[in-house]
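When we follow the working numbering, the leftmost residue of the sequence shown carries the number 12, and every step to the right adds one.
All C-beta atoms, glycine included, are put in the ideal place defined by N, C-alpha and C.
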Amino acid sequence: MRWLLSWLVSIISLGVSLGLLRVAGVVVADPYPRFEIGDIATVQSIIDTNVAAVTAAIGVLIALVLLTVQFTAQRYSYDVIRIFIQSWVNAALIGFSIVTISFNLWLGTLLKSDDIPVAATILGVALTTACFAFLPPYIVYLFDLLWPENLLNYLQRELLKALDVSKRPTDVARRQAAAYDRMDQMTDIALTAVNLSDSSLARHSIWVLYLATARYVENKKAFGPEWFIVQEAESEEHDDLIVGEIEAAGTWLEWRMLSEVEEVFYATLNRAREVNNLIARVARLLGEKAVECEDVGLLRTLMKFFNTFLREAINRGDVRAGYHVLYQYRRLADAALERHPEVTLEIANRLSYYGNAATSGPLLWMLAAAAHDLRILAENCHRRGGDCEITAAIVADLFDTVEGAEEKQSPALVQLYKTLTALGSFFLVRGDLELARQLRARLAQVPDATLEQARRELTACENPVFWEVTDRVVNFDFVEPDVRASLPRFLEPLEGWAHSPP
Numbered sequence: 012m013r014w015l016l017s018w019l020v021s022i023i024s025l026g027v028s029l030g031l032l033r034v035a036g037v038v039v040a041d042p043y044p045r046f047e048i049g050d051i052a053t054v055q056s057i058i059d060t061n062v063a064a065v066t067a068a069i070g071v072l073i074a075l076v077l078l079t080v081q082f083t084a085q086r087y088s089y090d091v092i093r094i095f096i097q098s099w100v101n102a103a104l105i106g107f108s109i110v111t112i113s114f115n116l117w118l119g120t121l122l123k124s125d126d127i128p129v130a131a132t133i134l135g136v137a138l139t140t141a142c143f144a145f146l147p148p149y150i151v152y153l154f155d156l157l158w159p160e161n162l163l164n165y166l167q168r169e170l171l172k173a174l175d176v177s178k179r180p181t182d183v184a185r186r187q188a189a190a191y192d193r194m195d196q197m198t199d200i201a202l203t204a205v206n207l208s209d210s211s212l213a214r215h216s217i218w219v220l221y222l223a224t225a226r227y228v229e230n231k232k233a234f235g236p237e238w239f240i241v242q243e244a245e246s247e248e249h250d251d252l253i254v255g256e257i258e259a260a261g262t263w264l265e266w267r268m269l270s271e272v273e274e275v276f277y278a279t280l281n282r283a284r285e286v287n288n289l290i291a292r293v294a295r296l297l298g299e300k301a302v303e304c305e306d307v308g309l310l311r312t313l314m315k316f317f318n319t320f321l322r323e324a325i326n327r328g329d330v331r332a333g334y335h336v337l338y339q340y341r342r343l344a345d346a347a348l349e350r351h352p353e354v355t356l357e358i359a360n361r362l363s364y365y366g367n368a369a370t371s372g373p374l375l376w377m378l379a380a381a382a383h384d385l386r387i388l389a390e391n392c393h394r395r396g397g398d399c400e401i402t403a404a405i406v407a408d409l410f411d412t413v414e415g416a417e418e419k420q421s422p423a424l425v426q427l428y429k430t431l432t433a434l435g436s437f438f439l440v441r442g443d444l445e446l447a448r449q450l451r452a453r454l455a456q457v458p459d460a461t462l463e464q465a466r467r468e469l470t471a472c473e474n475p476v477f478w479e480v481t482d483r484v485v486n487f488d489f490v491e492p493d494v495r496a497s498l499p500r501f502l503e504p505l506e507g508w509a510h511s512p513p
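Now the structure itself:
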């Protein structure tokens, strides 16, 4: 719409100019417009005016462009300068203006008192008119090009060009370098946006980077083996063991992308919750894409970065970031459950590990969240008819989480006991008596008053949506009505479980 409006402005301006010319003719009693060339002095004046007008307009325009480009480069990324220089539109407008000025200058040398080049004079005026007509669309183009979101979209297109599988295989090193540059530039914009508290732009930066990477993962198998070799300039940044791991998994580009977003994640801790939430989300979405494409190497790489995100959130004391990363990590485990159960088990183990690592202050809720995620993971595995050994292993990880909290006398123990109670009642309803017995036995040493409190609070929660605005939305105490109804049966004394549940 902006482009159409800018061209309409130019066309309407030309129309108004011609209309005023007609009005002027009527005023001087010459109602018929004539396009005759005047005497030599008039033509010379027109040529001089053309040169001066175009030169002044281009000078002002260049000053405006330089200020705009410099401001955008300082604010977001100095690569804006390179993008501007490489734009063919800028070269075309400046080139056209130079041609117009030069043509009018040389036209002045051809004028003679008895011979005026009519066609050349009209062409000079037409070129000058065209220069001014191009100004409104160009200004719109300039601001569109330098608008941060559009700049990111441009960088995404350039990244996709570098990752085009149809390109010649001999260009591998150059294309890898181009891909690195584009991802670095997107990250620069994201980091600057975080520093400027512009979370919308930072999120857009992460999103376009993810979309380009996801499209690459879809077409990744079409690349030859030479594509997955880490180039020397990049390998110098990592230990040989890491380089070998990256090459074996074929994940140099995904590793670079995740390294870039890790830098943004670290910068947003305790600052921009929406941005680090999105980073965790796109990491999970990329993991789901890896499951879909059977890319186990990428799955393993994502697990490493999820673990890193959790460690950084714990070290910086950002409970909200850790809370959401745990949630997305568990969803990745869910996505991998059917095709890669070994990945699910490893993630469950990490959920327990990092839950136990968060045992003080506000981080206690990370411990409760980790236990809740293990409960949901075990329930989902059971619902889908997964291997009993996998479900039992997830339950064992939950036991380890509770044991670690008990050793440290964590204030979150009551919440953890509620998690065990809810899961045990779930297994009782589903008819898995063995797992139900294990969970009831684990609660055998818990005081009756604590178990009664757990039963009361679980029974009282009938709305799955938490009463405050949270990242997860769900209420940890919510259980399905049939599970809620079975809570008293599950919590009967262990002696009654000798042969069958009560």
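Asked                                                                                                                                                      : Found
Determine which residues share a DSSP beta bridge with V476 and list them.                                                                                 : V485
Exposed or buried, what is N474 when buried is set at 16 or more other beta-carbons lying within 10 Å of its beta-carbon?                                  : exposed
Around the Cβ of S216, are there at least 16 other Cβ atoms within 10 angstroms (buried) or fewer (exposed)?                                               : buried
Identify whether D411 lies in helix, strand or coil by the three-state DSSP scheme.                                                                        : helix
Contact defined as beta carbons within less than 8 Å: I believe A347 pairs with V354. What is the distance between those atoms, to the nearest angstrom?   : 4 Å
If you follow the alpha helix (DSSP H) that C392 is in, where does it begin and where does it stop?                                                        : 375-394
When the Cα atoms are used, what is the spatial distance from P128 to L153?                                                                                : 37 Å
Where does A460 land, buried or exposed, given buried means 16+ other C-beta within 10 angstroms?                                                          : exposed
Please state whether DSSP places E285 in a helix, a strand or coil.                                                                                        : helix
From which residue to which residue does the alpha helix (DSSP H) around G442 run?                                                                         : Taken as a continuous stretch (DSSP letters only), G442 belongs to no alpha helix (DSSP H), as it is neither H nor E.
Does the separation of the CB atoms of V485 and S436 fall below 7 Å?                                                                                       : no
Identify the continuous alpha helix (DSSP H) that holds L220 and give its terminal residues.                                                               : 210-230
Can you tell me which of the three DSSP states Q420 falls into?                                                                                            : coil
Near E349, which residues of its chain fall below 8 Å by C-beta distance, leaving aside the five closest residues on each side in sequence?                : R395, G397
Just verifying my parser: in three-state terms, what is the DSSP assignment at I240?                                                                       : coil
Whose C-alpha, out of G261, D482, M197, is nearest the C-alpha of P236?                                                                                    : G261
Could you pull out every residue in the same chain whose Cβ sits closer than 6 Å to the Cβ of L212, ignoring the five residues on either side in sequence? : P159, A204
Residues in its own chain within less than 8 Å of T139 by CB, not counting five upstream and five downstream?                                              : N61, A64, V65, T111, N115
Between the alpha carbons of T184 and C392, how many angstroms are there, rounded?                                                                         : Note that residue 184 is Ala in the sequence shown, not Thr. In a straight line, the C-alpha of A184 is about 44 Å away from that of C392.
For a quick check, are the C-beta atoms of A201 and A173 less than 7 Å apart?                                                                              : no
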